[in-house]
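Novice: In terms of the numbering used here, the sequence shown opens at residue 12 and continues consecutively.
Got a structure for you, questions after.
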Amino acid sequence: MSDAVLSARTALVTGASSGIGWETARLLAAYGATVLVHARTTAEAEDAVERLVSAGARRDQLVELAADFTRLTEVAVLAGTVVKHYPALDLLVNNAAVMAPERCTLTDDGNEVSLQVNFLAAHLLAKLLRAPLSAAGDARIVNVSSSLHRTASMNWSDPHRVKKYSRVAAYAQSQLALTMATADMAPAGSGITAVSLNPGLCDTALLPLYGRVGAPAAEGAAAVVRLCLPETVVANGAYFDGGVIAPTAQAAQEERSLKRLAKLADQLVGRAA
């Protein structure tokens, strides 16, 4: 691993306090990047940074940032902080995710919690960080999705699934939305490329949803970081599974559905945008 590969680049990793997010931050730092380490609270971000330093990262490479993604105003404040201090942002890794709870749970913004944390926050960040991403010249957005997105469907009439709730269906819908929205996060002419991936079944906080044994989180992070490296050629909107381009769910290929999702997402983030 050459520590010079990303030495002039700045990366924001969301959900970097544990699991794949923390391991992604560790690997990006090992490649020399300045890493903005996002966590839900300041204490969690500071703890993540201390563990990264203990794992070998330089302290001057790491910046802790806190925002609770169940509050869209905090997502907007986070974006504002990044815009203020980093006029050029090379990498945005949308990794933050939560399991859908046993019962339908709405945030204060009125959105089903996994839809908001796993998708709407990423949608809002991509929108609000477009200027520094474009300024970087060859920026990438990497969305950490799931193979479960292929099993999902968008419930257009009840996106929060209040009427008929299933935690697996809600989580899968959030990952489908994230995968569908990927290409739209990097409009033509923006100088940004956005891709999504299934990092594989890893031993993270999300594993109980799958009910199986997972690989170490570092393996999933390696798949994420590979897509962050300039040597890896990627096409906008591509979806990767097992390190190779893979087919997405049919809905992600339907222009009408993509436009419908973009409109819905803008409505759901509301005034925070």
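Using N, Cα and C, we set each Cβ at its ideal position, and we do this for glycine too.
Kindly indicate which three-state DSSP category Asp-252 falls into: helix, strand or coil?
Specialist: The residue you call residue 252 lines up with position 241 of the sequence shown. DSSP places Asp-252 in strand when its eight states are reduced to three.
Novice: With H, G and I counted as helix, E and B as strand and the rest as coil, what does DSSP make of Asn-106?
Specialist: As a working note, residue 106 is residue 95 in the sequence shown. The answer is coil: DSSP assigns Asn-106 none of H, G, I, E or B.
Novice: Starting from Thr-190, trace the alpha helix (DSSP H) both ways and give me its first and last residue.
Specialist: Mapped onto the sequence shown, residue 190 falls at position 179. 178-192 is the span of the alpha helix (DSSP H), which, as asked, contains Thr-190.
Novice: Once DSSP output is grouped into helix, strand and coil, what is the label at Tyr-221?
Specialist: Position 210 of the sequence shown holds residue 221. Confidence in Tyr-221 is poor, its pLDDT being 49 and thus under 50, which makes the residue's placement too unreliable to answer from.
Novice: In this structure, how does DSSP classify Thr-204 when only helix, strand and coil are distinguished?
Specialist: Mapped onto the sequence shown, residue 204 falls at position 193. Note: Thr-204 maps to strand in three-state DSSP.
Novice: If you draw a straight line from the alpha carbon of Ala-287 to that of Gly-26, how long is it in whole angstroms?
Specialist: Only positions 12 to 284 of the chain appear in the structure, and residue 287 is not among them; the question remains open.
Novice: How is the alpha helix (DSSP H) around Thr-84 delimited, first residue to last?
Specialist: Here residue 84 refers to the residue found at position 73 when the sequence shown is read from its first residue. It spans 83-96 - the alpha helix (DSSP H) in which Thr-84 sits, taken as one unbroken run.
Novice: Hey, quick one: how far does the alpha helix (DSSP H) through Leu-100 stretch, first residue to last?
Specialist: Along the sequence shown, read from residue 1 onward, the residue named residue 100 stands at position 89. From DSSP, Leu-100 is part of no alpha helix (DSSP H); its letter is neither H nor E.
Novice: Looking at the secondary structure, which residues open and close the beta strand (DSSP E) in which Ala-50 lies?
Specialist: To locate residue 50, count along the sequence shown from 1; it is residue 39. That run of the beta strand (DSSP E) goes 45-50.
Novice: Do Cys-115 and Val-173 count as a contact pair if the criterion is CB distance below 7 Å?
Specialist: Locating residue 173 in the sequence shown gives position 162, counting from the first residue. Locating residue 115 in the sequence shown gives position 104, counting from the first residue. Yes; because the gap between Cβ atoms is below 7 Å, this pair is in contact.
Novice: Who pairs with Arg-151 in a beta bridge, going by DSSP?
Specialist: Numbered from its first residue, the sequence shown carries residue 151 at position 140. DSSP, once it has assigned bridges, lists Leu-102, Thr-204 as partnering Arg-151.
Novice: Closer than 6 Å: is that where the CB of Phe-80 sits relative to any heavy atom of the ligand PLP?
Specialist: In the structure on display, the ligand PLP does not appear, and there are no ligands present to speak of.
Novice: Just verifying my parser: in three-state terms, what is the DSSP assignment at Val-128?
Specialist: As a position in the sequence shown, residue 128 is number 117, starting the count at 1. Here Val-128 sits in helix by DSSP.
Novice: Taking a contact to mean a Cβ-Cβ separation below 7 Å, would you say Ala-44 touches Ala-22 in this structure?
Specialist: By one-based count along the sequence shown, residue 44 stands at place 33. By one-based count along the sequence shown, residue 22 stands at place 11. Their beta carbons are under 7 Å apart, which means Ala-44 touches Ala-22 by this criterion.
Novice: Name the residue from Arg-70, Asn-209, Arg-51 whose alpha carbon lies nearest to the alpha carbon of Ala-132.
Specialist: The count along the sequence shown starts at 1 and reaches residue 132 at position 121. Looking at the Cα atoms, Arg-51 is the closest of the given residues.
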